[in-house]
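Student: Each number in our numbering comes from the position in the sequence shown (counting from 1) with 16 added on.
Every residue, glycine too, gets a C-beta built ideally from N, C-alpha and C.
Sharing a structure with you now.
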Amino acid sequence: MAYLPIILAGIFFSVTINSLLKRIGIPTVIGYIATGIVISAVFGLHHDHNNELNEIAEFGIVFLMFTIGLEFSFRQLVAMKKEVMVFGTLQLGLSALVFGIAAYFYGMEQEGAIITGLALGLSSTAIVLKTLNESDDIQTPYGRKSVGILIFQDLAVIPILLMITIFSSNNNDIFMMLKKIAIDAVIVGIIIYLVGKYIIDWLLKWVTRTDSSEIFLGTVLFLVIGSAELAHLFGFTYSLGAFLAGMMIAETHYKYQIEAELAPFRDLLLGLFFATVGMQINLHIVADNIGWILLVTLIVMAAKFGVILLFMRFFTRPRVALKTALALSQVGEFALAVFSLAQSNLLIDNEQSQILLSAVVISMIFSVFILARIRDIADFFTPEPEPTVTKLESTGFKDHIIVCGFGPLGRKVAAELKRQGVTYVILEHNIHRMESGRKMGEPIFFANAANKDVLKQFDVSKASAVIVAVDHIKHLRLICEALTQVAPNANVVVKVRSEEEMGMIDDLHIDHILIQSREMARLLVIEAMRCHIKLQKRV
């Protein structure tokens, strides 16, 4: 029980630090990293001397990658071949070239410079995917591009680690290394594909019939950890195997239940992972080299941002390129393992290793704040163009309904209005959704409903009602604020998910607020009462 005081102290510091940081709007990731720094300083622990803790913490990324895999399918991954292979190769290749040349001119040996360049080219899977998942940006254009590049980086970790072994042993047979990796990748892919196609659905259906949540959860844990271990046996990362397992289950009907069951494991282990990242910080070395560390951190993040922005501008819109570059500008957790292994194999010296390790962790901390404000930063540098719209008066519209948003809810609202023969228009600020609506023949306009001038152009004061079909509570509030200022007497109908969300717009005095949980409860009771009445009639 030697670790019990450390565990208790870790929980205490984690709860205390995160509670304080939450009050000022700082993400919990920073709190976990700070906890690791404090624990390391108080108990004299260092992450690289605790292999068991390291492996347990890594399963936070495993469960995160599994839940990300649930958002995709093999068909979607094939459709993302450009994001994975083209963007991934360009990002890692160009970043490694820039950083490798810089490291070589700084004074590193050629082998150490190559490894340093590749390691600095890696981004943080844990931080980026956690943020994309929480912000529902995983399926946005910049989200898909970021995920594709991160998948490629995950695949590249093993060759990088093998290169360290080759450089340190003077074995230059790179062809055999690549051949082995390719064969192993095919074997792992075939095994997971066959299990997913012929066994997974049957197994989950059979387990579900037991009506035991414990057996169901145990089976899911077996699938996740088993897939991770299978990938690891063939030399790949645990997280890559978990991602493939998630994609297998994405094809089944059980994905949502599985995601809900695994959420506590994922969040707990991710917290532990970020604490171990904080344990990498040696405060004495940071204090002695703070100027160098900050300079290296800023140069690396700026260079990485510039490289990604530069090549992405050739493939996508400036705003998407900017957000992708911002999201991936940090250095990732796998770089910590690469630098530790490179230092133990004498490819880089101890002082260089500690400066680089500290710079990696600090870049991860910086990126948490960047990702939290990524929309605001993108709006500042590349604001979306204001739509060119025609006044509704010229089209003869009167007593129309304005639908704000053409996401899943907006589409259903539009379909119901069309079925009832009501005149309506849709305002959508996402260009892809707008184009999709145009192809469907919807009266949809590229417009930001939170813009007061746009609302005036669409004569919102003359509309019979405005339906705000937006799920993101921040965007919903901005739209409602604009509506109350432009047309305070407008009939605004809003859907919120909970009482808490209603409280966030309660001060706007909107008359028609539907609370999803309350309405669902009412409908469930109505259906139950119908069943009750039918039963009484039979009796």
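Just checking, does the stretch 434-453 make contact with the stretch 506-523 on the three C-beta pairs under 8 Å criterion?
Tutor: Touching, no, given that fewer than three Cβ pairs across the two stretches are closer than 8 Å.
Student: Restricting to Cα atoms, I'd like to know which of 38, 333, 257 is closest to residue 246.
Tutor: Here residue 246 refers to the residue found at position 230 when the sequence shown is read from its first residue. Here the closest residue by C-alpha is 257.
Student: Can you tell me whether residue 526 is helix, strand or coil according to DSSP?
Tutor: Taking the sequence shown and counting its residues from 1, the one referred to as residue 526 is at position 510. Coil at residue 526, not helix or strand.
Student: Taking residue 286 and residue 76 to be in contact with their CB atoms under 8 Å, please state how far apart those CB atoms are, rounded to whole angstroms.
Tutor: Locating residue 286 in the sequence shown gives position 270, counting from the first residue. Locating residue 76 in the sequence shown gives position 60, counting from the first residue. The pair is a contact, with the Cβ atoms about 4 Å apart (cut-off 8 Å).
Student: Going by DSSP, name the residue or residues bridged to residue 496.
Tutor: Along the sequence shown, one-based indexing puts residue 496 at 480. Residue 496 pairs with nothing; no bridge assigned.
Student: Quick check on the burial criterion: 16 or more other C-beta atoms within 10 angstroms. Buried or exposed for residue 366?
Tutor: Position 350 of the sequence shown, counting from 1, holds the residue named residue 366. Its Cβ having fewer than 16 others within 10 Å, residue 366 is exposed.
Student: On the DSSP bridge list, what partners appear for residue 443?
Tutor: What you label residue 443 is simply residue 427 of the sequence shown in a count that begins at 1. Answer is 420, 461, bridged to residue 443.
Student: Any idea what DSSP makes of residue 42, helix, strand or coil?
Tutor: What you label residue 42 is simply residue 26 of the sequence shown in a count that begins at 1. In this structure, residue 42 counts as coil in the three-state DSSP scheme.
Student: For my contact list, residue 162 and residue 171 are in at a C-beta cut-off of 8 Å; report their separation, rounded to the angstrom.
Tutor: Counting from 1 along the sequence shown, the entry for residue 162 is found at position 146. Counting from 1 along the sequence shown, the entry for residue 171 is found at position 155. Residue 162 to residue 171, Cβ: 15 Å. No contact.
Student: Indicate whether the contact test is met: 3 or more Cβ pairs, each with one atom in the stretch 112-131 and one in the stretch 226-241, closer than 8 Å.
Tutor: No contact exists between the stretch 112-131 and the stretch 226-241.
Student: Among residues of its own chain, excluding the 5 on either side of residue 350, which ones have a beta-carbon nearer than 7 Å to its beta-carbon?
Tutor: Position 334 of the sequence shown, counting from 1, holds the residue named residue 350. Same-chain partners within the cutoff: 138, 173.
Student: Helix or strand or just coil, what does DSSP make of residue 48?
Tutor: For the purposes of this step, residue 48 is taken as the residue at position 32 of the sequence shown. Of the three classes helix, strand and coil, the one that applies to residue 48 here is helix, per DSSP.
Student: Alpha carbon to alpha carbon, what distance is there between residue 176 and residue 205?
Tutor: Position 189 of the sequence shown, counted from the first residue, corresponds to residue 205. Position 160 of the sequence shown, counted from the first residue, corresponds to residue 176. So the two alpha carbons sit approximately 21 Å from each other.
Student: Out of 354, 335, 450, which one is the CA nearest neighbour of residue 396?
Tutor: In the sequence shown, the residue the question calls residue 396 occupies position 380. The shortest Cα separation from residue 396 among 354, 335, 450 belongs to 335.
Student: Assuming residue 165 contacts residue 84 (C-beta within less than 8 Å), just tell me the rounded distance between them.
Tutor: The count along the sequence shown starts at 1 and reaches residue 165 at position 149. The count along the sequence shown starts at 1 and reaches residue 84 at position 68. Contact doesn't hold; Cβ gap of about 13 Å is too wide.
Student: Who are the Cβ neighbours of residue 54 in its own chain at under 6 Å, not counting the five residues just before and after it?
Tutor: The residue you call residue 54 lines up with position 38 of the sequence shown. The residues are 29.
Student: For a test of the three-state rule: what should DSSP assign to residue 483, helix, strand or coil?
Tutor: Along the sequence shown, read from residue 1 onward, the residue named residue 483 stands at position 467. Residue 483 falls in the strand class under three-state DSSP.
Student: So, using beta-carbon positions, are residue 565 and residue 374 closer together than 8 Å?
Tutor: Outside the shown range of the chain, which is 17 to 555, sits residue 565, and nothing can be said about it.
Student: Is the beta carbon of residue 390 closer than 8 Å to that of residue 320?
Tutor: Counting from one through the sequence shown, the residue named residue 320 turns up at place 304. Counting from one through the sequence shown, the residue named residue 390 turns up at place 374. No, the Cβ-Cβ distance between residue 320 and residue 390 is not below 8 Å.
Student: To the nearest angstrom, how far is the alpha carbon of residue 263 from that of residue 90?
Tutor: The residue given as residue 263 occupies position 247 in the sequence shown. The residue given as residue 90 occupies position 74 in the sequence shown. Distance between the alpha carbons of residue 263 and residue 90: 6 Å.
Student: To which residues of the same chain is residue 325 closer than 7 Å at the C-beta, ignoring the five residues directly before and after it?
Tutor: Your numbering for residue 325 matches position 309 in the sequence shown. Cβ within range, chain order: 337, 338, 341.
Student: Measuring alpha carbon to alpha carbon, tell me which residue in 360, 453, 293 is nearest residue 376.
Tutor: Against the sequence shown, residue 376 aligns to sequence position 360. Ranking the options by Cα distance to residue 376, first place goes to 293.
Student: So, with DSSP's three-state summary, where would you put residue 531?
Tutor: Position 515 of the sequence shown, counting from 1, holds the residue named residue 531. It is a strand residue.
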